[in-house]
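Asker: Numbering-wise (my numbering), the sequence shown opens with residue 49 and increments by one.
C-beta: ideal position from N, C-alpha, C; glycine also.
Treat the numbers as computed from the prediction; the structure is a model and nothing was measured.
Before anything else, here's the structure in question.
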Amino acid sequence: MQRIRLRYTKRGRLRFTSHRDFQRAFERALRRAEVPMAYSAGFTPHPKVSYANAAPTGTGSEAEYLEIALTEARDPAKLRELLDESLPAGLDVIDAVEARTSGLADRLTASVWELRLDGVAVEEAEKAVAAFVAAETVEVQRRTKNGLRTFDARGAVAGLQASCPQPDRPGEGPCAILRLVVRHVTPAVRPDDVLSGLHAVADLAPPVPAAVTRLAQGLFDEESGTVTDPLAPDREAVTAAPADRSGVAGSAATVPAGTGSA
């Protein structure tokens with residue numbers, strides 16, 4: 049069995065698709081691309097696809113990850129092209145690598161987010177960020193299926209900065225861009241929780257909902273404060289392995305099991 053790890057995006061209007069919607073679209077793409085999928089056992093077999101830490105509905109993302117299991121070896125680059133062609137524009141498969149290490153989910157320990165706050169001056173955002181960062185704890189509330197839950201939104205934040213929009217992304221009126229690095233903890237701290245925290249400590253209240261995009265997710269490097277590429281270990285292992293006669297690096301039979309199937 050060969051395992052392939054994919055990185056895909058949720059762009060534009062496709063950010064409003066739910067995770068279940070994406071699952072259905074991806075399984076259709078697998079059939080269109082005639083991917084030799086491995087299936088689970090039991091009365092209702094389903095393709096062995098492992099999804100890792102999907103972004104919330106309504107947020108864009110440049111860094112979503114999943115893993116698929118195949119019954120026949122395929123070239124990851126060609127497979128990426130076939131799947132990308134079979135998915136709607138906005139759900140784009142942008143990277144693929146053969147799984148040569150275990151624990152992809154264990155390497156997704158933090159995310160980098162961009163929050164576009166239209167109607168908020170950069171100076172106002174900077175003051176709110178300074179107040180948030182200076183606080184030891186920032187309690188926020190979120191409604192869950194078990195009722196209203198209170199938790200600290202500050203402890204998970206490893207980095208928070210405010211800046212002006214890029215020149216190629218102009219807008220009308222004031223606008224601030226927040227760059228947020230959040231560790232994946234329990235309970236999960238989401239970008240909207242940080243916005244609630246900014247409102248709590250500095251009364252920051254954007255007049256329109258923030259446009260939120262995940263730029264990256266991976267292993268958090270405590271020394272540099274950066275989030276590293278979670279596919280890098282697999283890429284390095286494949287590069288170091290000799291190619292077999294089919295042109296696929298290494299032997300698919302020796303690939304260790306990665307994350308469990310969903």
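1) Nearest by alpha-carbon distance to VAL181: which of VAL205, ARG148 and THR92 is it?
2) Whose C-beta lies closer than 7 Å to the C-beta of GLY195 among residues of the same chain, with five residues either side of it excluded?
3) Assign THR302 to one of three DSSP states: helix, strand, or coil.
4) Find the nearest neighbour of MET85 within the set ALA236, CYS223 and LYS96, judged by alpha-carbon distance.
5) What does LYS58 pair with, by DSSP beta-bridge criteria?
6) For PHE91, report the span of its alpha helix (DSSP H) as first-last.
7) State yes or no: is the C-beta of VAL286 within less than 8 Å of the C-beta of ARG68?
8) DSSP three-state label for ALA153, please.
9) How big is the Cα-Cα spacing for TYR113 and VAL237?
10) Could you check which residue in VAL168, ALA176 and PRO235 has the C-alpha nearest to that of PHE199?
11) So SER134 is in the alpha helix (DSSP H); what residue range does that whole segment cover?
12) If you measure from the beta carbon of ASP132 to each beta carbon in chain C, is any gap under 8 Å?
13) For GLU82, which of SER109, GLU115, GLU110 and THR119 has the nearest alpha-carbon?
14) Return the chain-ordered list of same chain residues with a C-beta closer than 8 Å to the C-beta of ARG55, the five sequence neighbours on each side being excluded.
15) Can you look up GLN71 in the DSSP assignment and give me helix, strand or coil?
Answerer: From the atom records:
1) VAL205
2) none
3) Any reading at THR302 must be qualified, since the residue scores a pLDDT of 30, below 50, and its modelled position is unreliable; the value itself is stated next. Helix at THR302.
4) LYS96
5) SER109
6) Note, PHE91: premise wrong, no alpha helix (DSSP H); not H, not E.
7) no
8) helix
9) 19 Å
10) PRO235
11) 124-134
12) Any reference to chain C falls outside this structure, which holds one protein chain only.
13) THR119
14) ALA111, GLU112, TYR113, VAL141, ILE142, ASP143, ALA144 and LEU279
15) helix
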